Amino acid sequence: MRSSTMVTMFGIAAVVAAIGVLFLNGPNESEEPKTPADFGRRLFRVQGCSSCHAIGGGISRGPDLAAVIPRLRARLADSEYRKHLSILKKSREDIYALFTTEYDDVLKAQGDERIRVWFGQHLNNPRFDHYLGQMPSFAHLTAQQVGYLTAFIFTLQ
2 MRSSTMVTMF
12 GIAAVVAAIG
22 VLFLNGPNES
32 EEPKTPADFG
42 RRLFRVQGCS
52 SCHAIGGGIS
62 RGPDLAAVIP
72 RLRARLADSE
82 YRKHLSILKK
92 SREDIYALFT
102 TEYDDVLKAQ
112 GDERIRVWFG
122 QHLNNPRFDH
132 YLGQMPSFAH
142 LTAQQVGYLT
152 AFIFTLQ
């Protein structure tokens with residue numbers, strides 16, 4: 002093999018290796034998060050959320066979270082959410098009774114605050130609004146950590 006071919010092959014191998022390292026490690030993890038959304042992004046990885054949730058494509062067991070905020074705005078719009086809860090109350094009275102307080106808290110909130118309240122309830126017990134779901138509870142998270150994850154989720158417009 003000629004030396005120029007060897008240099009080219011070595012260069013290609015180095016580029017592939019560098020891309021692999023960047024892909025596996027993601028952004029610079031040694032850099033301290035600066036904003037609540039940055040802390041939330043880190044928590045999203047550390048808590049294993051990305052094991053089930055893709056953001057903008059790829060294979061995932063849970064819902065893709067790209068543009069999740071507009072979807073939640075539509076789902077939690079007052080009339081739509083009340084309709085959902087009415088159906089749940091009639092079809093699964095036992096489940097509705099378990100989470101009446103949580104539903105009331107969500108309904109009391111307005112605008113994006115409703116999404117924040119719903120998301121906090123969802124992290125604490127994902128079954129509260131999706132009783133057949135497979136997502137585990139994240140009740141171990143502190144209120145501050147829930148706030149960080151919420152800030153990150155709000156970047157997914």
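Here the sequence shown is numbered in the working numbering, starting from 2 and rising by one per residue.
Glycine included, every Cβ here is placed at the ideal spot set by N, Cα and C.
Note that the structure is predicted; figures quoted are calculated from it, not measured.
- Going by DSSP, G63 is part of no alpha helix (DSSP H) at all; its letter is neither H nor E.
- In the three-state scheme derived from DSSP, where H, G and I count as helix and E and B as strand, E32 is classed as coil.
- In its chain, beyond the 5 residues on either side, no residue has a beta carbon closer than 6 Å to the beta carbon of A144.
- Using a 10 angstroms sphere on the CB of D79, the tally of other CB atoms stays under 16, which defines it as exposed.
- Annotation: V147 to G121 spans about 6 Å, alpha carbon to alpha carbon.
- The beta carbon of A38 is closer than 6 Å to those of A152, F153, T156 in its chain, skipping five residues each way along the sequence.
- Leaving aside the five residues that flank S138 on each side, the residues in its chain whose CB is nearer than 6 Å to its CB run, in chain order, N126.
- Under the DSSP assignment, Q145 falls in the alpha helix (DSSP H) whose first and last residues are 144-154.
- Separation of K109 and E81 (C-alpha to C-alpha, rounded to the nearest whole angstrom) is 15 Å.
- Close CB contacts of R62 within its chain, under the 6 Å cut and outside five residues either way in sequence, are with C53 (chain order).
- H123 is classed as buried because its beta carbon has at least 16 other beta carbons within 10 Å across all chains shown.
- In this structure, the CA atom of R115 is about 6 Å from the CA atom of V107.
- The DSSP-derived three-state label of R93 is coil.
- The region 92-139 contains, as complete alpha helix (DSSP H) runs of 4+ residues, the segments 94-99, 101-109, 113-125 (chain order).
- By the neighbour-count definition (other C-beta atoms within 10 Å, threshold 16), V47 is an exposed residue.
- Non-local C-beta neighbours of P71 in its own chain, meaning closer than 8 Å and more than five positions away in sequence, comprise Q158, ordered along the chain.
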